[in-house]
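Asks: Pasting a structure below so you can have a look.
In mature numbering (1 follows the signal peptide of the UniProt record, and there is no 0), the protein residues as written are -21 to -1, 1 to 972.
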């Protein structure tokens, strides 16, 4: 804290010192008589003034004095501009350096962090469950407590037996013993031992690949199957090359379709070179028959059963034929990374040697690691996007210094925002999704700079051609500095309001992410909003001084549109040039443009809300890499296979009694885990045990557990004849004594992989009973599936409502932490995204009305902006977007950026007075239109390099920038003027709010 205070005092001192330097006033004089001096007027402008003669006479009669005085005035202006630039740039650099040096540790690109909710009922329940994990007393401590008083010093000899061990010769019975390693060399023997000596759950930890086949017919051809069968040779050679130590070395073969075809015929040798068309055709006929009728006795053979469930898709109705191969090597565990990288390259090369095959997906447990590596590499691609943006700006400004200053403003905006984010707001989590702000800032910063520079050049050209009229106020513009200063002042008057409106709407849109309970979305909203505000402030403070210093005025004598009310139409049309022709063409086609706009908007609404609609991903809500990436493709299509076929783990229902949900103490950090406060007094009695027993019976009756017997702790305790049970409250000592004495130790809680129901009192480390828990495994296999999870949570809601009506103790109903986290994100994404969209659009529309203050402009601009949002969103949906966390973020970005160009046009049209409507449009084209055209070009240029990224966030924001650049410019430059021209009944109508 002391360090921060010292830093702030030092920064304040720097600002005050810089301000003093700015206010310093210098005088200069001329040696020539009459004396001319450079003085500062009331408008903070420097002019030559004469001691003995009027200013005009001094400047006309004494040209030498005038020239010398102009040089001294220039010398006075430049220190002022330099001081402003140096002051704010140095101050921004100090803030950025301080934040990065002391708070760089908050930057965390771990994709598993922050993809969770805060402030929802399920998040509180999940955090409570996590807090309980370390609080339950261990059974070994219970045993130690129970036997502590029963220990004696005498040693008890273990009982022994002298019976000879019995050996059985299985050959005498015609039964083989468990297969040994030599037996597993035969792949059919190995496949047959799956589920016996090789547990099915072991398949969860084996590497897998997905291979696309040209067609179902091509798959069942001998050349294709033989090529697939030799994949194990690639595995073996890669393992030898990298000296890989395989933890699954007992497996001699991969689970591969070609090897299964040899198992259906006992006379065929179990080798790859023995694959023949007869066996292949018979195997295929069995597959087709078993898919239609799984009760056929032939379908119970392991060779068919395993292949159907593990290696083939659930249905052949999909467009692509994709199969899987389960390798005989384990997934990556943090070591020997070179093997998996080499294997991926070798597999891709080998598989694609056959023209009918293509490697499309892999599961090596490397996706998150690859994401972290890729996001660091792709900073270079983002740099290329920035280069293209500033190349456009340099092409327009013709000033390398001014372009570099724009780049510096953009960079410092991100740095100062990081300082505010970490040091002032105190947020200690900076997720990877915040990097999207850097890309957006490049385009937004350039857009504001384009707008200011376009207006500045326009005013310079107007002032250069300004003729003095008798009776009008004299404005000295013959000096370059006076011309630039007045032009800048007028251009700021026009452009600042437009920049303020667009910055305000964009910042407000980003800030609506605070309504989302997802941590990464909240963090993104705060950082993005802060960055936009800081960028606006720096643009306003730095760019005017940069313009005075660099004077980025075009050297070409280009004609401009004039908004003088007495200018002739022919003159105005000639001066406007292309802008006038576009305006007149728009006027001619205005009704056709309006009809097409309404049609496209209607189609967009249908695409968004009906077919295909903005869907929520059912199996992969936290997409990290692009869909074409091998690792992401596997996760996107894993639901098409039945990998959970023999999986023992199931989705579990948890009921926790007597413990209140914890309260979230941080909605912006995944590191802050709330502590479990001491719960209110809780006691177990006979009545509660009866209720728990009935609840377990009711819940377990929904599911099938085979022939497993699982008497509940509540049921067994009620049957015991213990004196402590008859009391009003069963103490924790009584519960522990019963657990040990009657061999019914309390289940560990929570146990996410349990296959039988469990219950018991929750006793903490202080030997206090603080609650009671019940865990009920369901029939749904443990997996990430939105529909299956929704079914379980609907049942939980029904049960919880019924429980709360029957018992007064607090109750928490949820599933395992990961399943609950996934379900909560899926449920919140749709509602929170809709809420963010509604709030942001409402706020922005209010800002539009408040800033334009013209009824028609407000109505038309609002409709066009909504149409642009609809067009952009529908195109992105057609490109395959779903509403995951990343897409939800970019959707809000789309809304924020959709306002800019239309608002630039609205403000430009509003500021033009007393001219016909078509000429207003022409003038708007020549000012805001130029800025919007260059802005759209920068958006598209920034987006194109990002299409080569492998991370989903950068790739998708690249595609969004391209689509938005096109739709926003078309909507603002053509559709919006068409509405203005079609519904402007009077050229001079100015109905204001």
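Yeah, the Cβ is synthetic: ideal placement off N, Cα and C, and Gly gets one too.
1. Is it right to say residue 324 is buried, meaning 16 or more other beta carbons lie within 10 angstroms of its own, or is it exposed?
2. Use the C-beta contact count for residue 839: other C-beta atoms within 10 angstroms, 16 or more gives buried, fewer gives exposed.
3. From residue 192 to residue 247, what distance separates their C-alpha atoms?
4. Alpha carbon to alpha carbon, how far is residue 969 from residue 888?
5. List, from N- to C-terminal side, the beta strand (DSSP E) runs of 3 residues or more that fit wholly inside the stretch 619 to 684.
6. Assuming residue 818 is part of the beta strand (DSSP E), what are its boundary residues?
7. Assess, as a yes-or-no matter, whether the stretch 829 to 837 is touched by the stretch 512 to 519 under the definition of 3 or more beta carbon pairs within less than 8 Å.
8. Which of helix, strand or coil does DSSP assign to residue 321?
9. Bridge partners of residue 709, per DSSP?
10. Can you tell me whether residue 173 is helix, strand or coil according to DSSP?
11. If we ignore side chains and look at the alpha-carbon of each, how far apart do residue 736 and residue 675 end up?
12. Report yes or no: do the stretch 192 to 201 and the stretch 631 to 638 share at least 3 C-beta pairs separated by less than 8 Å?
13. Going by DSSP in three states, residue 134 sits in which element: helix, strand or coil?
14. Residue 242 and residue 273: beta carbons closer than 7 Å?
15. Residue 257 to residue 330, Cα distance in whole Å?
16. Taking only heavy atoms of the ligand SAM into account, decide whether any of them is closer than 6 Å to the Cβ of residue 112.
17. Between residue 286 and residue 239, which are expected to be in contact by the criterion C-beta below 8 Å, what is the C-beta distance as a whole number of angstroms?
18. Is it the case that the Cβ atoms of residue 923 and residue 944 are separated by a distance below 7 Å?
19. Return the CA-CA distance between residue 187 and residue 306, expressed in angstroms with no decimal places.
20. For a quick check, are the C-beta atoms of residue 936 and residue 869 less than 7 Å apart?
21. For residue 237 versus residue 208, is the C-beta spacing smaller than 7 Å?
22. Roughly how many whole angstroms lie between the Cα atoms of residue 577 and residue 885?
23. Are the beta-carbon atoms belonging to residue 917 and residue 371 less than 7 Å from one another?
24. So what's residue 119 in DSSP terms, helix, strand or just coil?
25. Kindly confirm or deny that the stretch 396 to 408 and the stretch 478 to 489 touch, where touching means at least three C-beta pairs closer than 8 Å.
26. Considering just the uninterrupted stretch of the alpha helix (DSSP H) at residue 337, what are its terminal residues?
27. Which same chain residues, not among the five before or five after residue 679, have their C-beta less than 7 Å away from its C-beta?
28. With distances taken Cα to Cα, identify the nearest neighbour of residue 748 among 771, 436, 642, 709.
29. Between the Cα of residue 978 and those of 342, 778, 327, spot the shortest distance and give me the residue it belongs to.
30. Where does residue 212 land, buried or exposed, given buried means 16+ other C-beta within 10 angstroms?
31. Is the CB of residue 848 under 7 Å away from at least one CB in chain B?
32. Rounded to whole angstroms, how far is the Cβ of residue 87 from the Cβ of residue 409, which I believe are closer than 8 Å?
33. Measure the beta-carbon distance from residue 418 to residue 361 and round it to whole angstroms, keeping in mind my assumption that it falls under 8 Å.
34. Between the C-alpha atoms of residue 67 and residue 559, what's the straight-line distance to the nearest angstrom?
35. Between which two residues does the alpha helix (DSSP H) harbouring residue 267 extend?
36. Please classify residue 427 as buried or exposed, where buried requires at least 16 other C-beta atoms within 10 Å of its C-beta.
Replies: According to the structure data:
1. exposed
2. buried
3. 25 Å
4. The predicted model places residue 969 with a pLDDT of 46, which falls under 50 and marks its position as unreliable, so this point remains unresolved.
5. 629 to 636
6. Here residue 818 belongs to no beta strand (DSSP E); instead the alpha helix (DSSP H) covers 796 to 831.
7. no
8. helix
9. 663
10. strand
11. 8 Å
12. no
13. Because residue 134 sits at a pLDDT of 45, beneath the cut-off of 50, its placement in the model cannot be relied upon, and the point is left open.
14. no
15. 24 Å
16. For the structure depicted, the ligand SAM is absent and the ligand set is empty, with no information on it obtainable.
17. 5 Å
18. no
19. 6 Å
20. yes
21. yes
22. 20 Å
23. yes
24. helix
25. no
26. No alpha helix (DSSP H) contains residue 337, which is instead part of the beta strand (DSSP E) from 336 to 342.
27. 736, 755
28. 709
29. One cannot answer for residue 978 here, as it falls past the ends of the chain, which runs -21 to 972.
30. exposed
31. The question asks about chain B, but that chain is absent: this structure has only one protein chain.
32. 6 Å
33. 6 Å
34. 41 Å
35. 256 to 271
36. buried
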